[in-house]
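Below: one structure, written as structure tokens.
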Amino acid sequence: MSTFVAHKLINLMLDSLITSKTRLKLLIKFFVSASNQGYLRGLADEFQESTNAIRKELNQLEDAGYLEKKSEKNKILYRANTQHSLFKPLQKLIHTFLGIEDVVDQVLSRSGGVESVSLIGDYAKGLDSGLIEVIIFGENINQAYLLQLAAKVAEKLNKEIKLYFNINPQEGQRIILYTK
0 MSTFVAHKLI NLMLDSLITS KTRLKLLIKF FVSASNQGYL RGLADEFQES TNAIRKELNQ
60 LEDAGYLEKK SEKNKILYRA NTQHSLFKPL QKLIHTFLGI EDVVDQVLSR SGGVESVSLI
120 GDYAKGLDSG LIEVIIFGEN INQAYLLQLA AKVAEKLNKE IKLYFNINPQ EGQRIILYTK
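Using numbering that gives the first Met the number 0, you'd call the opening residue of the sequence shown number 0 and step up by one each time.
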């Protein structure tokens, strides 16, 4: 089965299994990187959703054991439960959905001083439009390498990839994929 066909099947499967766009955004946020965490108001701002919608999904994901929470400075922080038996399969599914499978670690090690990577645009909204937009912040970033790699990945996924370096995102949703 080609990578393109597998990617399309994953997208169809996720869209049919996860009908809540808010839940999909939360799963992407927490499972793309085990170090990602967030609190209710921050997630509501990040996703431009009501705190009630975020709270409902966080509670359901925590009740199912996919997320864990801890109190820190009068805030409740949520993060993926890495001890859950489905953590690795879910993380792989999210990576496949985003088209980043096994390249994240390799990219970060070769791309210079990357401090953060954020997904913006349609994919941050949970929509598969065919355009993947990514903002990369950092110092001494190897832009040539990242642009070359983006072109290869775009061809492999049959999608367009736009990289932005050290810019502030416009109003809209974003999902932080990596922070140092």
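Using N, Cα and C, we set each Cβ at its ideal position, and we do this for glycine too.
- Of the other Cβ atoms in all chains shown, fewer than 16 fall within 10 Å of the Cβ of Gly-64; this residue is therefore exposed.
- Straight-line measurement puts the Cα of Ser-108 at about 24 angstroms from the Cα of Ala-123.
- In the structure shown, Glu-67 falls within a strand segment according to DSSP collapsed to helix, strand and coil.
- Phe-46 sits close to Gln-172, with the two beta carbons spaced by under 7 angstroms.
- Contact between Lys-24 and Ser-115 does not hold, since the beta-carbon distance rounds to 18 angstroms and is not under 8 angstroms.
- Counting the other CB atoms within 10 Å of its CB gives Thr-21 a total of 16 or more, which places it among the buried residues.
- Residue pairing by DSSP puts Thr-178 in a beta bridge opposite Ser-115.
- The C-alpha of Leu-89 is placed about 10 angstroms away from the C-alpha of Thr-95.
- Nearest in C-alpha terms to Tyr-163, of all of Val-152, Ile-140, Leu-42, is Ile-140.
- In the displayed model, Leu-126 falls within coil according to three-state DSSP, outside both helix and strand.
- Here DSSP, grouped into helix, strand and coil, assigns Val-133 to strand.
- One alpha carbon belongs to Asn-167, the other to Ser-49, and they sit about 23 angstroms apart.
- Contact between Asn-157 and Phe-136 fails: their C-beta atoms lie close to 28 angstroms from each other, not under 8 angstroms.
- Going by DSSP, Ile-53 is part of the alpha helix (DSSP H) stretching over 50-62.
- A direct Cα-Cα distance of roughly 19 angstroms separates Val-133 from Gln-36.
- The alpha-carbon of Lys-151 is positioned some 15 angstroms away from that of Gly-129.
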